[in-house]
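Residue numbers (full-length UniProt numbering): 1 to 477.
For glycine and all other residues, C-beta sits at the position ideal for the given N, C-alpha and C.
Source: prediction; values computed, not measured.
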Ligand code: UDP
């Protein structure tokens, strides 16, 4: 850990691979470009998952990981929503975090800065006790961050359920949002997950700064407004796009099979279909998607997970407990063997998206997946499932023009005909061309902001100088 003259940053990723991956990329950048020492402090309510271990094992030796003893969540009902479990896990790990900071302090290795994510603000209690500077890394975009910073006010001023609002909510800098598209925990204000969300976002103002995984070309207006000084909001630093650079949990055979298969497909012809590290479809939806992909006649790689009635059911463990292949329609694999490749539970996504045979990505709009598409110029079909994904869809479809929408029917299902239509529109239609061109533009913007003199590089430089100054102050005390 801390060597002489190096500043030390501790990072707490709340449970979920989608939170861990961009924080790992941040850590690598802090070590490689700014000479920091980084320690990951991992909270959990059970031993780390295979996917989590795989990500952490890939870290260079200069980045340490420390697993806190599992928090006891035995009193939490199994029906509790993911946001409740995640927040409680971090909160209940505070005593163990305090013990860790106490021993680091005794060894004169205390970090100068603690970085948490959206659900980790209770760790600020411990940071403050030890004069460690508290920061937030917001792993999604500036639009949703703006919404969250505004949420306490909406909570005070709106008395009904947000989903019953008849007009879209207008927040300066944000795409107009209907209540039904608000982040998942806002869909039932009596649920504990909403209370935890409000609890966390109210604490955002205690942070010394908020780093956001977005960039100026993608959300110019939102970022401009977020960076205007506001009495209650900490300074915001857009430092993205920080994207996954590893294949992590992918099985070596799957990795070889996918990349080898892609090598044999025409340029820009393949649709990559994946719902992130935890997304699952219902049985009916899974079936309709399968039939639509087959009927479209287009090439595809589809990462499948066993269906479930709860869209986030694989959030804490991306691997299906049952064989996902057994849920495919009869004859599907035979029927599509010339044009399709199906992978179980986890694929080497970052390598797939860089492959020149990829022509589109049907995505759940997870923010990491979105950024990984942007840096590769891959156009999207937006098919949001949970968390803040519906808001991401609004941004991508309505504002940025980087995605086509997969339309839900009245029964709440994207029917097979709709799948056929949207896949063809993306891969061979005029609208596909337009979103592809937009993606090319964004890809160039993403390169620009990460140059030595780029906007995001300068933002991270600014933060890192503050962190080093704080380290010097602590060292002198
Ligand atoms: N991922 C992957 N292979 C998979 C599924 C996901 O490598 O089969 C990675 C993906 O590259 C991304 C992350 O897991 O970095 C998923 O994050 P995202 O924000 O897109 O969605 P989440 O899983 O948080 O819903």
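Residue i vs residue j beta-carbon contact at 7 Å
i, j, result
"residue 148", "residue 113", "no"
"residue 312", "residue 324", "no"
"residue 115", "residue 14", "no"
"residue 489", "residue 175", "Since the first and last residues shown for the chain are 1 and 477, residue 489 lies out of range."
"residue 41", "residue 10", "yes"
"residue 84", "residue 196", "yes"
"residue 185", "residue 177", "no"
"residue 508", "residue 126", "Past the edges of the chain, shown from 1 to 477, lies residue 508, and the structure says nothing about it."
"residue 303", "residue 359", "no"
"residue 53", "residue 193", "no"
"residue 140", "residue 388", "yes"
"residue 309", "residue 282", "yes"
"residue 12", "residue 120", "yes"
"residue 486", "residue 333", "Beyond the ends of the chain as shown, which are 1 and 477, falls residue 486; an answer cannot be given."
"residue 364", "residue 345", "no"
"residue 377", "residue 443", "yes"
"residue 456", "residue 450", "yes"
"residue 402", "residue 435", "yes"
"residue 239", "residue 460", "yes"
Residue i, buried or exposed, once every other Cβ within 10 Å from all chains shown has been counted against 16
i, result
"residue 159", "exposed"
"residue 447", "exposed"
"residue 267", "exposed"
"residue 237", "buried"
"residue 128", "exposed"
"residue 39", "buried"
"residue 99", "exposed"
"residue 417", "exposed"
"residue 384", "buried"
Nonlocal neighbours in the same chain, by C-beta distance under 6 Å from residue i, ignoring five residues either side
i, result
"residue 409", "415"
"residue 233", "149"
"residue 265", "299, 357"
"residue 155", "198"
"residue 17", "51, 277"
"residue 470", "112, 133"
"residue 43", "68, 89, 90, 93"
"residue 341", "261, 301"
Proximal residues to residue i (C-beta, below 8 Å), its chain only, five neighbours per side dropped
i, result
"residue 242", "22, 25, 26, 29, 213, 371"
"residue 124", "114, 116, 134, 203, 206, 207"
"residue 424", "296, 298"
Other residues of its chain near residue i: CB distance less than 7 Å, five sequence neighbours each side excluded
i, result
"residue 454", "448"
"residue 173", "146, 221, 222, 225, 226"
For this session: Enumerate, from N- to C-terminal direction, the unbroken beta strand (DSSP E) stretches of 3 or more residues contained entirely within the region 392-427.
Result: 403-405
Point to revise | Continuous beta strand (DSSP E) assignments of at least 3 residues falling wholly in the region 189-214 | key: 209-212
Scan the region 282-332 and note each continuous beta strand (DSSP E) run of 3 residues or more that stays entirely inside, going in chain order. 299-304
* To do: Would you list, in sequence order, the uninterrupted alpha helix (DSSP H) runs of no fewer than 4 residues that lie entirely inside the region 43-82?
  => 50-57
Alpha helix (DSSP H) runs wholly inside the region 133-157, at least 4 long, in chain order: 142-157
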